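Q: So the sequences go chain by chain: A and B. Numbering follows our numbering, in which position 73 of the first sequence is assigned residue number 106; successive positions increment by one, without gaps. Numbering follows our numbering, in which position 70 of the second sequence is assigned residue number 975; successive positions increment by one, without gaps. Below is one structure. I have some questions about it.
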Amino acid sequence: ETGVTQSPTHLIKTRGQQVTLRCSSQSGHNTVSWYQQALGQGPQFIFQYYREEENGRGNFPPRFSGLQFPNYSSELNVNALELDDSALYLCASSLGQGSIDYNEQFFGPGTRLTVL
Amino acid sequence: DQQVKQNSPSLSVQEGRISILNCDYTNSMFDYFLWYKKYPAEGPTFLISISSIKDKNEDGRFTVFLNKSAKHLSLHIVPSQPGDSAVYFCAATRFAGGTSYGKLTFGQGTILTVHP
């Protein structure tokens, strides 16, 4: 069973640029959630995708957007990067709605984004 | 608005002793609580969870206690081992009959160091 994988591992961008982060969910999981973890803080929920539809969003501006593909992999896109976007971006997959296991999310190792 | 708080940034414990990590929450709508462990360069790993209909859940050396009236939960690790040294995050969500999306609200984390 393959776990959650994320690419790239590290990324350096400059302010104003756009970035795409990728996540492959664990086998059999149809729900993907994205979190932003700033240094010294806990992860903050960005949004979640369930069967290719956005299924909840945290307090992040519209320049944070996402996609989920038919194979349940997902992308996080951030436009007009700001210095405060520097963080670890975590992807988590889970089994899907209606089950208590739904909330037990399995995290990938994250992508470390640095905005200069 | 920090809805989940871990007020101790760090905890140091001797091997073999008990580690107690604490977490407070303010949102009374939360009905499901989780603990995650995170090693450097890895994503958070699910440890143990508890539903609001329970006040205690055990899994091996790990026990989570929930005090709903105080909006407080704690994680006990007995006996503590050097391999337990990591950052521990508590998280909360509203499961509400299986129709809620799995937005996890995390605390800031507590760094646990277990000395041999």
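Beta carbons are placed, not taken as given, at the ideal position from N, Cα and C, and that holds for glycine. Being a predicted model, the structure only gives us computed values, none of them experimental.
DSSP three-state call for B/Leu-952: helix, strand or coil?
A: Against the second sequence, residue 952 of chain B aligns to sequence position 47. In this structure, B/Leu-952 counts as strand in the three-state DSSP scheme.
Q: For B/Leu-980 and B/Gly-948, what's the separation of their Cα atoms in angstroms?
A: Against the second sequence, residue 980 of chain B aligns to sequence position 75. Against the second sequence, residue 948 of chain B aligns to sequence position 43. The alpha-carbon atoms of B/Leu-980 and B/Gly-948 are separated by roughly 20 Å.
Q: Below 8 Å between beta carbons: does that hold for B/Leu-1017 and B/Ala-975?
A: By one-based count along the second sequence, residue 1017 of chain B stands at place 112. By one-based count along the second sequence, residue 975 of chain B stands at place 70. Not in contact: B/Leu-1017 and B/Ala-975 (Cβ atoms no closer than 8 Å).
Q: Which chain B residues are close to A/Pro-94, counting only those with a beta carbon under 9 Å from its beta carbon?
A: Counting from one through the first sequence, the residue named residue 94 of chain A turns up at place 61. Here the premise fails: no neighbours, minimum Cβ distance about 17 Å.
Q: Pick out whichever of A/Gln-51, A/Leu-146, A/Thr-47 and A/Ser-57 has its Cα sitting closest to the Cα of A/Thr-35.
A: Position 2 of the first sequence holds residue 35 of chain A. If we check each option's Cα against that of A/Thr-35, A/Ser-57 comes out closest.
Q: Would you list, in chain order, the members of the region 955-989 of chain B that have their beta-carbon closer than 8 Å to a beta-carbon of chain A?
A: Residues Ser-956.
Q: How would you label A/Thr-47, buried or exposed, when you count the other beta carbons within 10 angstroms and need 16 or more for buried?
A: Residue numbering aside, residue 47 of chain A sits at position 14 when the first sequence is read from its first letter. Flag for A/Thr-47 reads exposed.
Q: Any beta carbon from chain B within less than 8 Å of A/Thr-35's own beta carbon?
A: For the purposes of this step, residue 35 of chain A is taken as residue 2 along the first sequence, with counting starting at 1. It does not; no Cβ of chain B falls within 8 Å.
Q: At a CB-CB cut-off below 9 Å, which residues of chain A make contact with B/Gln-919?
A: Taking the second sequence and counting its residues from 1, the one referred to as residue 919 of chain B is at position 14. In chain order: nothing, as chain A lies at least about 26 Å away.
Q: Check for me: the beta strand (DSSP E) holding B/Ala-852 runs from which residue to which?
A: Lying before the first or after the last residue shown, residue 852 of chain B is absent from chain B, which here runs from 906 to 1021.
Q: Taking Cβ positions, are B/Phe-994 and B/Gly-1012 nearer each other than 8 Å?
A: As a working note, residue 994 of chain B is residue 89 in the second sequence. As a working note, residue 1012 of chain B is residue 107 in the second sequence. Result yes, Cβ atoms of B/Phe-994 and B/Gly-1012 sit closer than 8 Å.
Q: Touch check for the region 118-132 of chain A and the region 54-69 of chain A: three-plus C-beta pairs under 8 Å?
A: With a cut-off of 8 Å, the region 54-69 of chain A and the region 118-132 of chain A count as touching, because enough Cβ pairs lie within range.
Q: Is the beta carbon of B/Phe-938 sitting closer than 8 Å to the one on A/Phe-139?
A: Working through the second sequence from its first residue, we reach residue 938 of chain B at position 33. Working through the first sequence from its first residue, we reach residue 139 of chain A at position 106. No, they are not a contact pair.
Q: Under three-state DSSP, which class holds B/Asp-960?
A: If you number the second sequence from 1, residue 960 of chain B lands on position 55. B/Asp-960: coil per DSSP, three-state reduction.
Q: Could you tell me the alpha carbon to alpha carbon distance between B/Ser-957 and B/Leu-1009, rounded to whole angstroms?
A: What you label residue 957 of chain B is simply residue 52 of the second sequence in a count that begins at 1. What you label residue 1009 of chain B is simply residue 104 of the second sequence in a count that begins at 1. The straight-line gap from Cα to Cα measures roughly 15 Å.
Q: Closer than 6 Å by C-beta to B/Gln-919: which residues in its own chain qualify, once you throw out the five before and the five after it? Chain order, please.
A: On the second sequence, residue 919 of chain B is found 14 positions in, with the first residue counted as 1. Closer than 6 Å at the Cβ level, and outside the excluded window around B/Gln-919, lie His-1020.
Q: Answer with buried or exposed for B/Ile-923, where buried requires no fewer than 16 other C-beta atoms within 10 angstroms of its C-beta.
A: Residue 923 of chain B sits at position 18 when you count from the first residue of the second sequence. It counts as exposed.
Q: A/Gln-101 and A/Glu-85 - do their beta-carbons sit closer together than 8 Å?
A: By 1-based counting over the first sequence, the position of residue 85 of chain A is 52. By 1-based counting over the first sequence, the position of residue 101 of chain A is 68. Against a cut-off of 8 Å, the Cβ pair of A/Gln-101 and A/Glu-85 comes out as a contact.
Q: Going by DSSP, what residue range makes up the beta strand (DSSP E) through A/Glu-108?
A: Start at 1 with the first residue of the first sequence, and residue 108 of chain A comes out as number 75. Start and end: 107-111.
Q: Which residues share a DSSP beta bridge with B/Pro-972?
A: Residue mapping note: residue 972 of chain B aligns to position 67 of the second sequence, counting from 1. Reading off the sequence, residue 972 of chain B comes out as Asn, not Pro. Answer by DSSP bridge pairing, in chain order: B/His-977.
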